[in-house]
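Below is one structure; the comments refer to it alone.
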Amino acid sequence: MSKKYYITTPIYYASGDLHIGHCYTTVICDAISRFKRMNGYDVFYLTGTDEHGQKVEQKAIQAGKTPKQYVDDVVSKIKDLWKLLDIQYDKFIRTTDDYHEKTVQKIMEKLLANGDLYKDAYEGWYCTPCESFWTESQLKDGKCPDCGREVKLMKEESYFFRLSKYQDRLVKYYEENPEFISPKSRMNEMINNFIKPGLKDLCVSRTSFKWGIPLTFDDKHVVYVWVDALSNYITALGYLQDNDENFKKYWPADLHMVGKEIVRFHTIIWPALLMALDLPLPKQVYGHGWLLLGGDKMSKSKTNVVDPHFLVDRYGIDAMRYYLLREIPFGSDGTYTNEMLIKRINMDLANIYGNLVHRTLAMLEKYYGGVIPAPGASTELDEECKAMCEKLLDKCIEDMDKLDAPRALSNIMDVLARANKYIEETSPWTLDKNGDRERLGTVMYNLCEMIRVANVMLQPYITESPKKVFEAFGTPADKQTFESVVKFGGTIPNTQTTKMAPLFGRIDEAKEIEFLNKYSEDLAKKAEKKEEKKMEQPENTVNINEITIDQFMTIKLKVGEILTAEKVENADKLLKFSVKVGEETRTIVSGIAKYYTPEELIGQQVVVVANLKPAKLRGIESQGMLLCACNDEDIVLVAPIKRVKDGSEVR
Ligand code: MSP
178 MSKKYYITTP IYYASGDLHI GHCYTTVICD AISRFKRMNG YDVFYLTGTD EHGQKVEQKA
238 IQAGKTPKQY VDDVVSKIKD LWKLLDIQYD KFIRTTDDYH EKTVQKIMEK LLANGDLYKD
298 AYEGWYCTPC ESFWTESQLK DGKCPDCGRE VKLMKEESYF FRLSKYQDRL VKYYEENPEF
358 ISPKSRMNEM INNFIKPGLK DLCVSRTSFK WGIPLTFDDK HVVYVWVDAL SNYITALGYL
418 QDNDENFKKY WPADLHMVGK EIVRFHTIIW PALLMALDLP LPKQVYGHGW LLLGGDKMSK
478 SKTNVVDPHF LVDRYGIDAM RYYLLREIPF GSDGTYTNEM LIKRINMDLA NIYGNLVHRT
538 LAMLEKYYGG VIPAPGASTE LDEECKAMCE KLLDKCIEDM DKLDAPRALS NIMDVLARAN
598 KYIEETSPWT LDKNGDRERL GTVMYNLCEM IRVANVMLQP YITESPKKVF EAFGTPADKQ
658 TFESVVKFGG TIPNTQTTKM APLFGRIDEA KEIEFLNKYS EDLAKKAEKK EEKKMEQPEN
718 TVNINEITID QFMTIKLKVG EILTAEKVEN ADKLLKFSVK VGEETRTIVS GIAKYYTPEE
778 LIGQQVVVVA NLKPAKLRGI ESQGMLLCAC NDEDIVLVAP IKRVKDGSEV R
């Protein structure tokens with residue numbers, strides 16, 4: 178029976194377009210999966226989308242859609258992108274899939290029943306784009322330490338997961354499984370930055386927005402997105418569902434491949450949740466580096482995104498896959514540059530691979546009418562090339578056991594480069610001129626076989642060219658397995674070859690770079706203009722005539738009682754209030770000084786827009802807005818027509 182191999186990418190935020198940095202994780206996992214499949218493993222490759230959370234909810238409002246409409250559109254684009262890059266996954270999970278939502282609810286029920294959840298009030302700093310909570314001391318210059326963006330102080334009733342309880346067991350697991358967090362440097366980072374300062378219990382439910390999975394035992398709360406998202410790795414396999422065959426077969430995961438910034442979720446929170454559920458832990462979490470652009474992480478918000486559609490359209494799928502897999506040193510960051518992309522295409526794909534294939538086909542045509550000759554006696558030089566080919570499979574297996582695709586590709590390229598050198602060394606045109614048909618036949622056969630061996634080994638990494646080459650050489654594609662390269666000589670003599678279009682044309686580097694630089698400049702200008710427009714039209718403005726009930730429900734209106742009121746110095750129009758809204762007291766600045774005196778408002782009930790982004794007015798942070806009825810002559814505060822409990826929702 179073949180050994181199973183369960184590999185996952187993180188599930189992608191369904192909050193916008195993906196850039197080639199995102200494609201990096203998926204392409205690596207695809208190459209590993211294809212390699213393992215060819216190496217006899219029963220592989221299950223999972224990817225999908227992370228669709229809940231406040232960020233998605235806000236994006237949907239900005240786009241004038243319901244959250245579900247919004248994610249449906251984004252997910253369909255993401256699926257198209259994976260198709261474009263020839264990603265061969267076994268399952269695509271969406272966190273809005275019914276089975277996932279129900280299972281996450283069951284997971285939360287299980288945690289509650291086991292005593293791993295408790296209710297408390299949460300106060301902390303929240304970064305909406307990262308969907309992460311931070312303590313005061315973790316902030317960097319008062320901003321999110323991961324993305325550098327603004328954080329907001331949140332206080333709400335929440336359920337907590339007893340993460341602290343699992344600290345010792347986690348450390349023990351790391352010690353006993355030194356490969357669990359890879360590369361090793363990331364393990365030290367986790368221990369020094371998170372474990373040593375002491376793990377705190379984790380807030381795992383939210384009440385301040387609705388776009389999430391509700392708790393069955395307290396439906397005011399939705400599940401914290403990271404708990405929802407991490408669970409995908411087991412819900413996708415059928416955990417706690419009627420058909421859990423895949424779960425029994427594939428869990429625990431052999432590899433969670435993730436970018437370095439999300440290692441902490443996968444190596445602390447995820448294993449602790451699994452311990453609480455009494456499930457075996459994944460064998461490895463690999464934190465790969467980032468693809469950088471101009472020294473920074475590519476990111477949509479920094480508008481330095483490199484669009485995979487454009488690149489695939491211009492250079493082809495194989496060039497993109499090859500570049501991502503070959504160029505970025507595995508485990509470390511790598512910088513994207515147009516120069517290196519073009520150089521890689523020219524150096525490796527056009528000069529070494531494409532050139533070898535075309536020269537060989539042309540010589541076969543010229544000397545043998547396109548038919549592959551049978552080999553004769555071998556020389557020492559031939560034996561050296563054969564030995565190199567016969568070692569290639571083992572070398573690649575060794576490299577891929579370390580997940581080192583760049584090295585495996587470099588070894589394959591070495592064989593192709595050796596074949597090019599072999600042509601120079603054996604000089605087939607001289608053999609032809611001298612009428613040495615036997616030697617010429619051997620040389621041509623060996624060249625075809627070297628190409629075949631390298632081509633077999635290239636299949637997991639680039640997916641179009643090997644197929645084209647097999648076809649041109651008349652090689653039956655379904656027989657080009659790893660076993661077929663163990664022994665040199667799998668090419669069948671007397672096979673008719675056919676002409677093929679150039680695999681990779683040589684690109685004029687200088688001209689292309691000029692074109693790309695201009696293209697990037699235009700893109701940057703467009704992005705700048707878009708940004709300016711956005712500034713004119715503040716974020717969260719819903720630019721539509723109608724909103725849906727879901728959109729309306731995202732605006733939190735609450736009744737508050739004015740505790741204090743005073744004039745703001747040097748500001749004729751402004752009054753500063755402290756308003757009691759349920760458990761909390763907020764400072765709110767309002768432009769109603771011309772219509773009310775502070776004294777008459779103390780003790781009054783008002784309606785507060787409670788989830789408005791705080792804004793500074795005359796240096797005072799206003800944490801909300803008071804609703805008013807306005808016309809040309811008057812501004813009147815809106816209030817409930819009879820006294821109600823402050824904090825009551827208005828809807
Ligand atoms: N939704 C979470 C993951 C939840 S998994 C339970 C998430 N999504 S993401 O869309 O932001 O990122 C998906 C993957 O893309 C991550 O592995 C991330 O590291 C990777 N990349 C995003 N930008 C990248 C680069 N610039 N370079 C390399 N990989 C990068 O995180």
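Numbering (this note's numbering), first residue to last: 178 to 828. Beta carbons: idealized from backbone N, C-alpha and C, even for Gly.
Spatial neighbours of residue i within its chain, please: CB distance less than 7 Å, with the 5 preceding and 5 following residues excluded, ordered by chain position.
| i | result |
| --- | --- |
| A631 | I589, V592, L593 |
| F394 | E286, L289 |
| V813 | C805, A806 |
| A406 | I188, D227, T272 |
| C307 | C321, D323, C324 |
| A654 | K644, F647 |
| K256 | F269 |
| K426 | K181 |
| L488 | I197, M497 |
| K572 | N588 |
| P715 | Because P715 sits at a pLDDT of 48, beneath the cut-off of 50, its placement in the model cannot be relied upon, and the following sentence gives the value as read from the coordinates. Correct list: empty, nothing qualifies. |
Classify residue i: buried if its beta carbon has 16 or more other beta carbons within 10 angstroms, exposed otherwise.
| i | result |
| --- | --- |
| P637 | buried |
| L617 | buried |
| N369 | exposed |
| K437 | buried |
| A649 | buried |
| T480 | Reliability of the predicted coordinates at T480 is poor, the pLDDT of 47 falling under 50, and the value obtained from them is presented with this limitation in mind. With fewer than 16 other Cβ atoms within 10 Å, it is exposed. |
| I721 | For I721, the predicted model reports a pLDDT of 44, less than 50, meaning its position is unreliable; a value from the coordinates is still stated below. That one is exposed. |
| A449 | buried |
| Y401 | buried |
| Q800 | buried |
| L558 | exposed |
| V821 | exposed |
| N420 | exposed |
| Q657 | buried |
| K735 | buried |
| K543 | exposed |
| A298 | exposed |
| V815 | exposed |
| P485 | buried |
| P457 | exposed |
| P817 | exposed |
| A551 | exposed |
| G667 | buried |
| G319 | exposed |
Using C-beta distances below 6 Å, list every residue in its chain close to residue i, excluding the 5 sequence neighbours before and after it, in chain order.
| i | result |
| --- | --- |
| R190 | With the sequence shown as reference, residue 190 is identified as Tyr, and Arg is not the correct amino acid for it. Result list for Y190: D227, in chain order. |
| K296 | Y336 |
| G415 | D421, N423, F424 |
| K563 | F665 |
| D378 | F337, R339, L340, S341 |
| K283 | L417 |
Cutting at 8 Å between CB atoms, please list the residues of its own chain near residue i, excluding the five before and the five after it.
| i | result |
| --- | --- |
| V719 | Below a pLDDT of 50, predicted positions are generally treated as unreliable, and V719, at 45, falls in that range; the measurement from the model is reported next regardless. Cβ neighbours of V719 beyond the five flanking positions: I238, Q239, G241, Q728. |
| E278 | T272, I390 |
| Q344 | I372, G375, L376 |
| K232 | Y190, S192, T305, P306, E308 |
Using beta carbons (cut-off 9 Å, strictly below), is residue i in contact with chain D?
| i | result |
| --- | --- |
| D323 | Any reference to chain D falls outside this structure, which holds one protein chain only. |
(message) To test your reading of the DSSP string, which unbroken alpha helix (DSSP H) runs of 4 or more residues are found completely within the segment 420-453?
(response) 422-427, 447-453
(request) Run through the segment 735-817 for me and flag every whole beta strand (DSSP E) of 3 or more residues, listed as ranges in chain order. (result) 752-758, 761-767, 782-786, 792-794, 797-799, 805-807, 812-814
(message) Using 8 Å as the cut-off, can you tell me whether the segment 609-624 makes contact with the segment 671-679, which would need three or more C-beta pairs spanning the two stretches below that distance?
(response) no
(request) Could you pull out every unbroken alpha helix (DSSP H) segment of at least 4 residues lying fully inside the segment 573-604, listed in chain order? (result) 582-603
(message) Suppose only complete runs of 4+ residues qualify. What are the alpha helix (DSSP H) ranges in the segment 309-389, listed by chain order?
(response) 344-353, 361-367
(message) Extract the residue ranges of the beta strand (DSSP E) inside the segment 497-580, only unbroken runs of 3 or more that lie entirely within it.
(response) 511-513
(request) Taking only runs that begin and end inside the segment 196-263, name each unbroken beta strand (DSSP E) of 3 or more residues, in chain order. (result) If one requires a minimum length of 3 residues, the beta strand (DSSP E) runs lying completely within the segment 196-263 are 219-227, in chain order.
(request) Please go through the segment 631-698 and give each complete alpha helix (DSSP H) segment of 4 or more residues, from N-terminal end onward. (result) 642-649
(message) Pairs of beta-carbons, one from the segment 428-442 and one from the segment 325-337, closer than 8 Å: are there three or more?
(response) no
(request) Flag this pair as touching only if the segment 603-610 and the segment 518-530 have three or more C-beta atom pairs under 8 Å; answer yes or no. (result) No: the two stretches stay apart, fewer than three of their Cβ pairs being nearer than 8 Å.
(message) For the structure I just gave you, are there three or more beta carbon pairs, one from the segment 210-223 and one from the segment 244-252, closer than 8 Å?
(response) Because the criterion of three Cβ pairs below 8 Å is not met, the segment 210-223 and the segment 244-252 do not touch.
(message) When you compare the segment 742-759 with the segment 772-791, are there three or more beta-carbon pairs, one atom per stretch, that lie closer than 8 Å?
(response) Judged by pairs of C-beta atoms under 8 Å, the segment 742-759 touches the segment 772-791, as three or more such pairs exist.
(request) Evaluate the contact criterion for the segment 527-547 versus the segment 676-685: three or more CB pairs, one atom per stretch, below 8 Å. (result) Because the criterion of three Cβ pairs below 8 Å is met, the segment 527-547 and the segment 676-685 touch.
(message) I want to know whether the segment 579-586 touches the segment 548-558 - three or more CB-CB distances under 8 Å.
(response) no
(message) For the segment 790-797 against the segment 763-770, do three or more pairs of beta-carbon atoms, one drawn from each stretch, fall closer than 8 Å, so that the two count as touching?
(response) Below 8 Å, enough C-beta pairs join the segment 790-797 and the segment 763-770 to call them touching: three or more.
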